[in-house]
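Please read the structure below before turning to the comments.
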Amino acid sequence: MKKLLLSLALVATSLASAQNNTSYWQQHVDYKMEVDMNVDNFQYTGSQELVYTNNSPDTLDRVFYHLYFNAFQPGSEMDVRSLTIKDPDRRVGDHISKLTEEEQGYLRVSSLDQNGNELSYEEVGTVLEVELEEPILPGEKATFNMEFEGQVPEQIRRSGRNSSEGVALSMSQWFPKMAEYDFEGWHAAPYIGREFHGVWGDFDVKLTIDKDYTVAASGYLQNPEEIGHGYSVEEVQAEGDTHTWHFVAPKVHDFTWAADPEYIHDKRTAEDGTVLHFFYKDNDEIKENWKNLQEKTEELLLFFNENIGPYPWDQYTVAQGGDGGMEYAMLTLITGERNFGSLVGVTAHELAHAWFQHLMATNESKHEWMDEGFTSYISSAAMNQVMETYAENPHTGSYRGYMQLANSGVEQPQTTQADRYNLNAAYGAAAYSKGAVFLAQLGYIIGKDNLDKTLKRYYDEWKFKHPTPNNFIRVAEKVSGAELDWYLNDWTRTTAKIDYGIKEVTEVDENSTKVTLESHNLMPMPIDITVRYSNGEEEMIYIPLQMMRWEKPAEHENWTVAKDWAWAYPTYELNIDKPLSEIESIEIDESQLMADVKRDNNLYTAEEPSEEEGQE
19 MKKLLLSLAL VATSLASAQN NTSYWQQHVD YKMEVDMNVD NFQYTGSQEL VYTNNSPDTL
79 DRVFYHLYFN AFQPGSEMDV RSLTIKDPDR RVGDHISKLT EEEQGYLRVS SLDQNGNELS
139 YEEVGTVLEV ELEEPILPGE KATFNMEFEG QVPEQIRRSG RNSSEGVALS MSQWFPKMAE
199 YDFEGWHAAP YIGREFHGVW GDFDVKLTID KDYTVAASGY LQNPEEIGHG YSVEEVQAEG
259 DTHTWHFVAP KVHDFTWAAD PEYIHDKRTA EDGTVLHFFY KDNDEIKENW KNLQEKTEEL
319 LLFFNENIGP YPWDQYTVAQ GGDGGMEYAM LTLITGERNF GSLVGVTAHE LAHAWFQHLM
379 ATNESKHEWM DEGFTSYISS AAMNQVMETY AENPHTGSYR GYMQLANSGV EQPQTTQADR
439 YNLNAAYGAA AYSKGAVFLA QLGYIIGKDN LDKTLKRYYD EWKFKHPTPN NFIRVAEKVS
499 GAELDWYLND WTRTTAKIDY GIKEVTEVDE NSTKVTLESH NLMPMPIDIT VRYSNGEEEM
559 IYIPLQMMRW EKPAEHENWT VAKDWAWAYP TYELNIDKPL SEIESIEIDE SQLMADVKRD
619 NNLYTAEEPS EEEGQE
């Protein structure tokens, strides 16, 4: 019997291993932290218990932690990169190089053990390298206990103290954070200036701080009746000089908080039941905007619910802090001294990140265009409705940004690691503008209805996971039926451009006109041709791209499908069953959703008769 059970166990293990090698998996973390913040010197101490579950098929003999605050020291990689890049971020510039010991940031680990056994580790810049006493086998858990201390930097870059708007503490990326391990291995990139990647899990955080400080945080406050500060109906008179705030944040991959003694705390319950929290300074110049922001935030939330998928947590927080706008789990930090349109705009963008990064959690260091671009796309659409501008194409700003990049000579592929762009401007245009155009143009390729369905199915299949670009494009293929690998490859992995033009229009006979089209660059596309006739009629001629093996559904009442255009052929002949004299204009992509970098050859118009010809 024992031999039989052993044999069955070996078979089960073999099957599990085989499944792990072919199926999606992700690691899991459970954090418990107790932190004591000293608001006089901005130093803090903490203890951390981390239960790490190895869901991978691999045996792990080492782990890595991020120590982000170490970037805020003279000579750090963030400092040196800012000093040497041609267009440094003005929020950093040379500021880090000038920080004194009392002003710089740091995170230091004073002790670390695994299952009670002391570990050896080395601090290497913003990464802690840890050698394990015993490997973590597939399917096993390990408990890490750590003591750490930190200092909040005077320099504000997402995190920091004493912002230009007077916010005391913006506490993002503030704790030793386990690096992500996935099918590609460890992702322990140094913190130089860009985005993040984290392990999904649950956070239980107790924060002790001066009782006069109001705290905004990821997660749900567990002891509101002990705290007050707008979380409970009645205010609380604390004994002693401090409060201990207890927050729980389930199914997130980060935990962030902000605190200030002058915060006003407002709450609003949205139509879907989500409790919206707003924290902003007691500043008469901004109060009206922050009051009016609250209704708009609900409208934005409901827009994203409808157009992506339901927001799954019970609360969302908008807090004044940071140095611009930055998304975190269940919370965003934004600067608050803005005009109303800008305040709503930055909230729209950061709230959209709750979906495209904190639900569909791409690796931002490698695929920054997915979270920033997708967020830019959907937030522009949301602003178009919520601010009642109703532009036919709300993404024109993204197209302009991409066109400038494409014609600048400094473009790098979107597969470039986020920190390794030659210019900050090139990174921004690639991540935000080109990333947004990726989606808007996909709507041109497969049709807007199919794009809308793709976003919703992407949410259904990949929420609470770490999707890759291939995962997204496969969803689009399943929704539409089109083959789209060419689009993902050429748009994101190369700098190939789109440039189609009308080379020649000639009359064949009294019943037929030949239009010769030409491709001037390497990026293939299906083509929409709008033909207007002198009698007022209009026709849309669709030229499928052969490698798509598919045809777009009709988008015009007078819709004609022409023969396929194979990419390798530089020219294409289109026959129109009308004489040239009856054609008023022919235009490639009247919608301008195809990111053609040179549109001056996209339009043919019939020549106006001269004055003498008109008198004959």
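In the numbering used here, the protein residues as written are 19 to 634. C-beta atoms are modelled at their ideal positions from N, C-alpha and C, and glycine is treated no differently.
Check	Outcome
Can you tell me the Cα-Cα spacing of Tyr49 and Pro268, whole angstroms?	10 Å
Less than 8 Å between the beta carbons of Glu165 and Ser128, yes or no?	yes
So Gln61 is in the beta strand (DSSP E); what residue range does that whole segment cover?	61 to 71
Rounded to whole angstroms, what's the CA-CA distance from Arg126 to Asp503? Just pull it up for me.	45 Å
Got a sec, what are the start and stop residues for the beta strand (DSSP E) Phe214 sits in?	Run containing Phe214: none; DSSP gives neither H nor E here.
Do three or more CB pairs link the segment 465 to 472 to the segment 535 to 553 at distances below 8 Å?	no
Tell me the start and end of each unbroken alpha helix (DSSP H) in the segment 220 to 261 that is at least 4 residues and wholly inside, in chain order.	242 to 245
Rounded to whole angstroms, what is the Cα-Cα separation between Gly111 and Gly211?	12 Å
Are Tyr450 and Glu390 closer than 8 Å when you measure CB to CB?	yes
Give me whichever residues DSSP pairs with Thr589 in a beta bridge.	Glu536
For Ala447 and Gly499, what's the separation of their Cα atoms in angstroms?	30 Å
Figure out for me which residue from Ser599, Leu598, Tyr209, Asn59 has the closest Cα to the Cα of Ser100.	Tyr209
For Ser182, which of Glu67, Val270, Asp341, Asp284 has the nearest alpha-carbon?	Asp341
Mind checking who Ser138 pairs with in its DSSP beta bridge?	Glu149
If I follow the unbroken alpha helix (DSSP H) through Leu311, where does it start and stop?	305 to 325
Thinking C-beta only, is Gln173 closer than 8 Å to Phe60?	no
Could you work out which residue in Phe162, Gly178, Arg108 is closest to Glu120 when comparing CA atoms only?	Gly178
What does the Cβ neighbour count give for Lys581, buried or exposed, with the cut at 16 atoms within 10 Å?	exposed
Could you pull the DSSP bridge partners for Gln132 from this structure?	Asn135, Phe162
Hey, would you say Gly216 sits closer than 8 Å to Glu202, going by beta carbons?	no
Please report the distance separating the alpha-carbon of Trp585 from that of Arg108.	44 Å
Is the beta carbon of Leu457 less than 8 Å from the beta carbon of Tyr395?	yes
By the DSSP assignment, the beta strand (DSSP E) with Asp79 in it spans what residues?	78 to 84
The beta strand (DSSP E) spanning Glu605 covers which residue range?	601 to 606
When DSSP labels each residue in this structure, what does Trp331 get in the three-state scheme?	coil
Sort Ile227, Leu441, Ala207 by Cα distance to Val142 and report the nearest one.	Ala207
In the DSSP assignment, what are the bridge partners of Asp54?	Thr63, Thr226
If you follow the beta strand (DSSP E) that Asp200 is part of, which residue opens it and which one closes it?	198 to 200
Please state whether DSSP places Ala277 in a helix, a strand or coil.	strand
Cα separation between Ser537 and Pro588?	5 Å
Where Ala424 and Phe358 are concerned, what is the direct C-alpha to C-alpha distance, given to the nearest angstrom?	32 Å
Between the C-alpha atoms of Leu225 and Thr232, what's the straight-line distance to the nearest angstrom?	12 Å
For Gly291 and Phe265, which I take to be in contact (beta-carbon distance under 8 Å), what is that distance rounded to the nearest angstrom?	Contact flag wrong, Cβ pair sits at about 20 Å.
Which whole-angstrom value describes the C-beta separation of His283 and Phe297, a residue pair presumed to lie in contact below a C-beta threshold of 8 Å?	6 Å
Bridge partners for Trp577 per DSSP, in chain order?	Met558
Are the segment 523 to 534 and the segment 403 to 413 touching, with three or more C-beta to C-beta distances below 8 Å?	no
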